[in-house]
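When we follow the numbering used here, the leftmost residue of the sequence shown carries the number 64, and every step to the right adds one.
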Amino acid sequence: MAEPVAHLLRCHQQIRRFSALLQLLAAEGGPRSPEARQAARGCARYLRESLPLHAEDEELSLSPRLATLRLGDTARAALARMMEQHDALEAALPPLLTSLDAFAEDGPVPALLLRERVVAVVPPLLTHIEAEEEVIFPVVDGLSDPVRRQIVQEMIARRQRRFLTAEGGRLSNLPGGSTPVRWASVEVSARRPTRGGANGGLG
C-alpha cells in the first residue's frame, strides 16, 4: 500500500539535501565557480517549485484528515504550529530567493547578507521537519487505508499538474560527472528511514 509518510519523508530528505547546499553556498568565499552558481540556481528552483508542493501536501491533504482524528494535545498543538511555521517560512523565502538569483547570475550579493538569509530559512526549516517526523507523522497510522491512499493520489496529482513536462529542481539537475563534485555530491540521510511505496520521486 502506498504510504503518505514514506513520500513525505522523501520530501524531507530533499529538504535536508538542499539545506546542506544552501549552507555550503552561505560559506562560499572568493570568486564564484560555475558549479556554485549552478547550485544556487538549483536551490532557487527547488524553493520556488518543489517546497511549496510539500507545504500543500501537508496543509491541503494531510492536516485536514488528521484533524478528524481523536488526537492528543501534543499532536493537535503540533498541527497548529505546523501551519504557523509554514507561514513564517513563506515570508522568509523571498529575500533568500533574491540573493540566490543574484548569486546564480554572478551579481552583487554581500556574503554576510546571504548568510543571514540562509540562517533565516534553513535552521527553522530543519527544526520544523524534525518536529513533524517526531510528532505528526506517527499519528498518520490512525487514518484508514483508503484515506491514506487518497492522500498519496493527491500528492502525485499535485506534482503532475505542476511538473507536466519538467522534473523540477532536483539534485540530479545539478552539476556532476567530470565537474568538481563539491556541489553535486551533497548527501544527507533522512533522520528516519523511508518506508515502502510504489510511487517514488515526490519531494
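C-beta: ideal position from N, C-alpha, C; glycine also.
query	result
Whole-angstrom C-beta distance between Leu188 and Leu152, which should lie under 8 angstroms	6 angstroms
Euclidean distance between Cα positions of Val203 and Pro173	43 angstroms
Coarse secondary structure for Thr242, derived from DSSP in three states	Only weak support is given to the placement of Thr242: the predicted model assigns it a pLDDT of 33, under 50, and the value that follows is read from those uncertain coordinates. In this structure, Thr242 counts as coil in the three-state DSSP scheme.
Cβ neighbour criterion (16 or more within 10 Å) applied to Thr228	For Thr228, the predicted structure reports a pLDDT of 48, less than 50, and the residue's modelled location is therefore unreliable. A value from the coordinates is still provided. Classification for Thr228: exposed.
Continuous alpha helix (DSSP H) stretch holding Ile192: start and end	Ala174 to Ala194
Length of the line joining the Cα atoms of Val198 and Thr137	8 angstroms
8 angstroms Cβ shell around Cys106 - same chain, five flanking residues per side excluded	Phe81, Leu84, Leu85, Leu88, Leu163 and Gly232
Three-state secondary structure assigned by DSSP to Pro171	coil
Span separating the alpha-carbon of Ala90 from that of Ala103	12 angstroms
CB contact below 8 angstroms: Leu156 versus chain B	Looking at the structure shown, chain B is missing, and only one protein chain is on hand.
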